[in-house]
Amino acid sequence: MRMQACSRARVVSPLVSCLMVTADRPGLASRAIKCHAHQTYENTELVILDDGSVDYSSVISAHGAPGRVRYVRIPRDPALTLGDLRNMSMELAQGDWMIQWDDDEWYAPTRIETQLNSALAGGTGACALKWTLVRIEGNGSIMNFRAETGTATPGTILYRRCESRYPSLRRNEDGVFMASVARELGMTVLGREHSHLFVRIHHGANTWSRAHFEQRLRRTPAQWPAWLVARYLRRDITTLGAFRLTDDELTTVESVDRSTAGEVLHVIS
19 MRMQACSRAR VVSPLVSCLM VTADRPGLAS RAIKCHAHQT YENTELVILD DGSVDYSSVI
79 SAHGAPGRVR YVRIPRDPAL TLGDLRNMSM ELAQGDWMIQ WDDDEWYAPT RIETQLNSAL
139 AGGTGACALK WTLVRIEGNG SIMNFRAETG TATPGTILYR RCESRYPSLR RNEDGVFMAS
199 VARELGMTVL GREHSHLFVR IHHGANTWSR AHFEQRLRRT PAQWPAWLVA RYLRRDITTL
259 GAFRLTDDEL TTVESVDRST AGEVLHVIS
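Each number in the working numbering corresponds to the 1-based position in the sequence shown with 18 added.
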């Protein structure tokens with residue numbers, strides 16, 4: 019009986035497909051590619067769907083997990099939205115589970131392991147993070163703070179293969195998709211203690227503006243009084259509680275700093 023139990027435990031290791039849609043951003047993508055290679059959960063594949071003109075082959079050779087990256091290039095079609103491209107990446111996936119793996123974010127080594135185990139333990143078909151770290155780069159400075167986005171942060175979703183698909187939108191396609199997945203499969207949402215697993219990075223060429231990222235500091239009416247005091251009386255928004263990071267969050271910030279030190283991030287609009 020003990021041998022049978024061990025055998026069953028080994029079987030529970032589904033393939034997770036990490037889905038990246040990208041174009042002409044090899045410098046940014048290299049960071050996300052390295053994050054995939056360093057995941058503690060190893061039964062994964064990174065599917066890169068590229069509709070740009072810059073070849074990522076050298077970046078993948080230098081930083082990708084050997085034998086676990088599938089790179090697919092397609093011609094640019096202006097009619098295709100980000101939602102359309104994400105759906106195409108889903109069709110390319112071979113895994114029983116999939117996880118959004120944007121080219122311009124940073125992911126902790128335990129991200130996949132934590133989210134997959136949480137979904138399995140919770141008996142749901144999906145898992146997302148309510149809280150993440152946000153990093154704003156530009157104007158000669160870097161800001162790091164903790165933020166949440168309503169029910170959960172759409173870009174953090176891990177989900178079992180399902181019928182849901184992204185809408186044909188250029189923005190907020192992942193928010194609509196996450197809601198559909200939650201209805202179809204049920205979704206485990208991880209709290210503030212897991213914010214260090216994911217860093218949303220504003221670098222100047224994002225789908226959303228810098229103001230969108232900064233608005234996370236005053237998303238709800240309850241946050242406005244503290245923000246107004248910090249912004250207009252203290253004239254320093256870094257005095258907000260969102261900037262007082264935990265040890266785990268500080269470790270993540272240090273890891274992101276190291277991953278970008280000395281790198282030239284090629285941002286091509």
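Yeah, the Cβ is synthetic: ideal placement off N, Cα and C, and Gly gets one too.
Item                                                                                                           : Value
Under 9 Å between C-beta atoms of Ala-144 and Thr-206                                                          : yes
Three-state secondary structure assigned by DSSP to Trp-119                                                    : coil
Exposure label - Val-29; buried when at least 16 CB within 10 Å                                                : Note that Val-29 scores a pLDDT of 48, beneath 50, so its modelled location is shaky and nothing firm can be said.
Residue from Ser-277, His-212 and Arg-183 with nearest C-alpha to Ile-219                                      : Ser-277
C-beta contact flag for Ala-97 and Tyr-74 at 9 Å                                                               : no
Rounded C-alpha distance that separates Ser-292 from Ala-126                                                   : With the chain covering 19 to 287 only, the question about residue 292 has no answer from this structure.
Sub-9 Å separation of Ala-248 and Leu-263 beta-carbons                                                         : no
Within 9 Å, strictly: CB atoms of Gly-141 and Gly-209                                                          : no
Under 9 Å between C-beta atoms of Phe-216 and Trp-124                                                          : yes
Contact between the region 127 to 140 and the region 54 to 72 (3+ Cβ pairs under 8 Å)                          : yes
Three-state class that DSSP yields for His-212 in the structure shown                                          : helix
For Leu-37, three-class secondary structure by DSSP                                                            : strand
Gly-85 classed as buried or exposed, judged by whether at least 16 other C-beta atoms fall within 10 angstroms : exposed
Reduced DSSP category for His-220 - H, G, I as helix; E, B as strand; rest coil                                : strand
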